[in-house]
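In the numbering used here, the protein residues as written are 6 to 987.
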């Protein structure tokens, strides 16, 4: 009976304590407690932040300094939520001077809802300046979650100035690797883009929404904590130690999120993954984490579902120039910085990291170098997650939960990504198919569409500055007004002699918007002949090319050059400075219609060849669009890509592939002043370059400079262009693994576009791009220069591996009277021949073998130059090579000249073995070594320059082919007399 009474009294007391404590929670939001915050003072107040200095009374000299940055949605008190057991308390006792950046809440700060991501990065940078000035020391910059992302971004923005090390806690870098539930990145990217454009900028994200969102991310843990709290509500002493933390998570710790900042986060780091690739933008300045060079410590929560381990460990690839360490804890996102795990492990390890950085103590075993592939095996890691989650479920009394997450991870990702790629390609192909001769389509029109669709999206990058679609649109319109004021009208042919720079792109686009024809010319000694050949009477030049343009006698319009420009020639009647024309004062005539160009109309004129082989190539708007959309489709270009344009605009690859593909794909365009390997290495990371364009041997300079050692991490996924030799192709893919090469062939006449999409066969031109002309190979006699026919009189189709002339089906409405063919395979068909000979292998892939007019006509029959060039370029020691016909008396020899790579030696046996891949009749009669092979403005090895340097001479570096032994031998005076008539 006594025991029953005691139990009854105990139950009543427990019930009353529960009621009393519950009433206190209802009235005050929690239990009152005696835990005091660590003392601090706000030492600086700015519009964007307040800077807290903790334990200001401690004036111990020479202490290491830490600046702690919270995430946007969490109160800055996160660093002190456990008071003595929290970050600032433990670090202070460890002799570290603690400063905290407090962004405040957008809901209560002036202009808070207009804050963007750059505002916060610049705020952290300003705080670092203040702390460095006050302490005289560099800081250890620490950030939790997005605060850690700010730490990375700010240090990169400052190029490391004032930062001794970076410490982050659950801060994701590689968003693609950290997508939960195995969702395909393409889907997540599209959703993020939609939210950034249409939702977060219009809907304020309040603190209650933030709190609810975080709780929904881990509903099991949220439910468990509430059940535990209710079960212990009678025991005040048990609840008080965690009461401050509970109130922080339930209500006090959350702050609102400004829409522009959320949009920036979604756009730059989710949709485009620019933390990983580089090229995120802070106030029009592109930045990359490759700028980080200070030591980095990243804390990884093995059961963190927000900063997932794979995403956090992306920093080791994103910052290839930094020493990156990690500390891995079995903790969730919040547990990394608050709670018992943080008190016992996180902050003591941070203290030891700082002590190691200051050179006083060794690095603890729990902190080790981060590797791209985590050494712990997957099953164990997965088991840890399941055990941790299962324990939580059991404690909460729930029967289902997150343990199922690991089961359905990557099952359908591949198929959905493939469908996404097809979805991107389909609208482009559909638009191509809808283009008729009278369809309005042009370069200017596509740029205008982008400016209307996404005015604030980045259009191109140049000299570490970002130019938006809207800014480019305005600049183009201003240049159009300037052109109108000097008498340029639609259909007028206007020469363009400019380096690859923003003003060149704007000039070409302005001529397109006006409806004029851009005649793209390469700077050089033959500029006058090229202008005369094309019929251009006016030339637009940049200041660098003003003198050579004026020397031709044409009227010159000067554009571009930047703020510090100077003109070599004074302005006169024949030299007009367009930059001095005020576009607002130009009266636009009634005839002007922007972007009037029709598909059938001439848009561009290119000049190819040299000397007496100088030729003009005419490109219609339809032909340009065909290459542009074809490139975007084959390369799968989209707005996540940044295309680095090395190819000059006066080359077909630069105009049709680089510029055209980037615009049609909606990609950012990165413009380079020149081919500078060191600059290339920096800008690839800084701009987040994913695609690099090239022409001919352009990449050889970058490879030889060694700025990208093999295995060096980079964001490049693709090289696109035309003319790359087979050996250089292999060197490129080996050096930039896992990037691949996408080689294009585009005929100037007709609509033939080939692409080696897989990149599996080095040197191969691939297959026709969907939406372009149907192609055929017809039997061709290169000696007589005529198509071979069968017994019916129609052209004979080539068999596999037979060399023939490539022809493309003529589009409807195309005038075939100038070089076209009719009745090739049927009585009424129409075809446009290319100027090139190809062979088709058994897989259906096409290989270029020569131009019609450069086939070497030897006594034994035609010899084709391209296969010779390909096999010689595959020799490791060979740098560059050319093949040509050398007239000797009444016959012609097939000759190849090679230059040797620095540090290598070319052996005679190497040449003999290499050419065994060719049929004996196709092997060159002579191979000789030259010191250097000059290149054209488009980086094509110059056969004409080699020929002009003189004939091959007998000696140890000149070899002739002995057809009896099928070996190459040194050319002596005796053999030279027989072969060359010496």
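Ideal Cβ placement from N, Cα and C applies to all residues, glycine included.
Note that the structure is predicted; figures quoted are calculated from it, not measured.
Would the beta-carbon of residue 713 fall within 8 angstroms of that of residue 744? Counting from one through the chain shown, the residue named residue 713 turns up at place 708. Counting from one through the chain shown, the residue named residue 744 turns up at place 739. Taking 8 angstroms as the Cβ cut-off, residue 713 and residue 744 do not qualify as a contacting pair.
Supposed close pair residue 501, residue 526 - CB separation, criterion 8 angstroms: On the chain shown, position 496 is the one that residue 501 refers to. On the chain shown, position 521 is the one that residue 526 refers to. Confirmed, about 6 angstroms.
Closer than 7 angstroms by C-beta to residue 182: which residues in its own chain qualify, once you throw out the five before and the five after it? Chain order, please. As a first step, residue 182 must be located in the chain shown, where it is residue number 177. Here the set comprises 315, 316 and 319.
Output the distance between the C-alpha atoms of residue 329 and residue 291, rounded to the nearest integer angstrom. For the purposes of this step, residue 329 is identified with residue 324 of the chain shown, where counting begins at 1. For the purposes of this step, residue 291 is identified with residue 286 of the chain shown, where counting begins at 1. Each residue's Cα considered, the two are about 23 angstroms apart.
What three-state label does DSSP hand residue 326 in the structure shown? For the purposes of this step, residue 326 is taken as the residue at position 321 of the chain shown. Of the three classes helix, strand and coil, the one that applies to residue 326 here is coil, per DSSP.
Take the Cβ of residue 420 as the centre, count every other Cβ of all protein chains shown within 10 Å, and call the residue buried at 16 or more, exposed below. If you number the chain shown from 1, residue 420 lands on position 415. Note that residue 420 scores 41 on pLDDT, short of 50, meaning its location in the model is unreliable and no value can be drawn from it.
Helix, strand or coil, according to DSSP, for residue 920 in the structure here? Taking the chain shown and counting its residues from 1, one reaches residue 920 at position 915. The answer is helix: DSSP assigns residue 920 an H, G or I state.
Between which two residues does the beta strand (DSSP E) holding residue 58 run? Within the chain shown, residue 58 is the residue found at index 53, counting from 1. Start and end: 55 to 59.
Which class does residue 117 belong to by DSSP, given the choice of helix, strand or coil? Stepping through the chain shown from its first residue, residue 117 is reached at position 112. Three-state result, residue 117: helix.
May I ask you to list the residues that DSSP assigns as paired with residue 660? Your numbering for residue 660 matches position 655 in the chain shown. DSSP lists no partner for residue 660.
Applying the 10 Å Cβ sphere with the 16-neighbour rule, what's the burial state of residue 394? As a first step, residue 394 is located in the chain shown; it is residue number 389 there, counting from the start. Per-residue confidence for residue 394 stands at a pLDDT of 45, beneath the threshold of 50, marking its modelled position as unreliable; no derived number is given.
Once the 5 residues before and after residue 550 are set aside, which same chain residues still bring their CB inside 8 angstroms of it? Within the chain shown, residue 550 is the residue found at index 545, counting from 1. Closer than 8 angstroms at the Cβ level, and outside the excluded window around residue 550, lie 502, 503, 504 and 528.
Using 8 angstroms for Cβ pairs, my map puts residue 465 next to residue 673. What's the rounded Cβ distance? Along the chain shown, one-based indexing puts residue 465 at 460. Along the chain shown, one-based indexing puts residue 673 at 668. So it is a contact: roughly 7 angstroms between Cβ atoms.
Restricting to Cα atoms, I'd like to know which of 830, 764, 644 and 630 is closest to residue 751. Here residue 751 is taken as the residue at index 746 of the chain shown, counted from 1. Cα-wise, what sits closest to residue 751 is 630.
Shortest alpha-carbon distance to residue 847 belongs to which of 804, 835, 121 and 282? The sequence position of residue 847 within the chain shown is 842, counting from 1. From the listed residues 804, 835, 121 and 282, the smallest Cα separation to residue 847 is found for 804.
With a threshold of 16 other CB atoms inside 10 Å of the CB of residue 413, please say whether the residue is buried or exposed. Along the chain shown, one-based indexing puts residue 413 at 408. Reliability fails at residue 413, whose pLDDT of 39 lies under 50, so the model's placement of it is uncertain and the value that follows must be treated cautiously. Counting Cβ neighbours within 10 Å, residue 413 comes out exposed, since fewer than 16 surround it.
Would you please state the rounded distance, in angstroms, between the beta carbons of residue 273 and residue 177? I believe it to be under 8 angstroms. By 1-based counting over the chain shown, the position of residue 273 is 268. By 1-based counting over the chain shown, the position of residue 177 is 172. Not a contact, Cβ separation roughly 13 angstroms.
What is the DSSP secondary structure of residue 829, reduced to helix, strand or coil? The sequence position of residue 829 within the chain shown is 824, counting from 1. Reduced to three states, the DSSP call for residue 829 is coil.
Which of the three DSSP states is assigned to residue 974 in this structure? In the chain shown, the residue the question calls residue 974 occupies position 969. DSSP places residue 974 in the strand class (E or B) of the three-state scheme.
Per DSSP, what kind of secondary structure is residue 983 in: helix, strand or coil? The sequence position of residue 983 within the chain shown is 978, counting from 1. Residue 983 falls in the helix class under three-state DSSP.
Got a sec? Which residues, its chain only, sit under 7 angstroms from residue 777 by beta carbon, not counting five neighbours each side? Numbered from 1 along the chain shown, position 772 holds the residue referred to as residue 777. Only 631, 635, 756, 757 and 758 meet the Cβ criterion.
Can you name, in chain order, every residue of its own chain whose Cβ lies under 6 angstroms from the Cβ of residue 357, other than the five neighbours on each side? The residue given as residue 357 occupies position 352 in the chain shown. Within the same chain, and ignoring the five residues on either side of residue 357 in sequence, the residues whose Cβ sits closer than 6 angstroms to its Cβ are 369.
Residue 145 - partner residues in DSSP beta bridges: Within the chain shown, the letter at position 140 stands for residue 145. Residue 145 is bridged to 71 and 170.
Tell me which same chain residues have a C-beta within less than 7 angstroms of the C-beta of residue 962, skipping the five on either side of it? The count along the chain shown starts at 1 and reaches residue 962 at position 957. Taken in chain order, the residues that qualify are 933 and 934.
Which residue marks the beginning of the beta strand (DSSP E) containing residue 377, and which one marks its end? Here residue 377 corresponds to residue number 372 of the chain shown, with the count starting at 1. Where residue 377 is concerned, there is no enclosing beta strand (DSSP E), given that its DSSP letter is neither H nor E.
Would you tell me roughly how many angstroms separate the C-alpha atoms of residue 522 and residue 194, rounded to the nearest one? Along the chain shown, one-based indexing puts residue 522 at 517. Along the chain shown, one-based indexing puts residue 194 at 189. About 38 angstroms.
Should residue 981 and residue 946 be called a contact, given that it needs their Cβ atoms to be closer than 8 angstroms? The residue given as residue 981 occupies position 976 in the chain shown. The residue given as residue 946 occupies position 941 in the chain shown. Against a cut-off of 8 angstroms, the Cβ pair of residue 946 and residue 981 comes out as no contact.
Separation of residue 628 from residue 199, as counted between CA atoms: Walking along the chain shown from the start, residue 199 turns up at place 194. Walking along the chain shown from the start, residue 628 turns up at place 623. If I take the Cα positions, the gap works out to 33 angstroms.
Which of the three DSSP states, helix, strand or coil, is assigned to residue 700? As a working mapping, residue 700 is identified with position 695 in the chain shown. Three-state result, residue 700: strand.
Let me see if you follow: with CB-CB separation under 8 angstroms, is residue 657 close to chain C or not? Chain labels in this structure do not include chain C; a single protein chain is all it has.
So, residue 749 versus residue 732, is the Cβ gap smaller than 8 angstroms? For the purposes of this step, residue 749 is taken as the residue at position 744 of the chain shown. For the purposes of this step, residue 732 is taken as the residue at position 727 of the chain shown. No, Cβ-Cβ distance for residue 749 and residue 732 is not below 8 angstroms.
Collapsed DSSP secondary structure at residue 565 in the structure displayed: Position 560 of the chain shown holds residue 565. Of the three classes helix, strand and coil, the one that applies to residue 565 here is coil, per DSSP.
Which residues does DSSP list as the beta-bridge partners of residue 761? Position 756 of the chain shown, counted from the start, is the residue given in the question as residue 761. Paired residue(s): 748.
Determine the contact status of residue 4 and residue 829, defining contact as a CB-CB distance below 8 angstroms. What the structure shows of the chain is the stretch from 6 to 987, and residue 4 is not part of that stretch, so it cannot be assessed.
Leaving out the 5 sequence neighbours to the left and right, which residues in its chain are closer than 8 angstroms to residue 581 when beta-carbon positions are compared? Position 576 of the chain shown, counted from the start, is the residue given in the question as residue 581. Closer than 8 angstroms at Cβ, skipping near neighbours: 491, 560, 561, 562 and 563.
Indicate the three-state DSSP secondary structure (helix, strand or coil) for residue 164 in the structure shown. Taking the chain shown and counting its residues from 1, one reaches residue 164 at position 159. In the three-state reduction of the DSSP assignment, residue 164 falls in the coil class, being assigned neither a helical nor a strand state.
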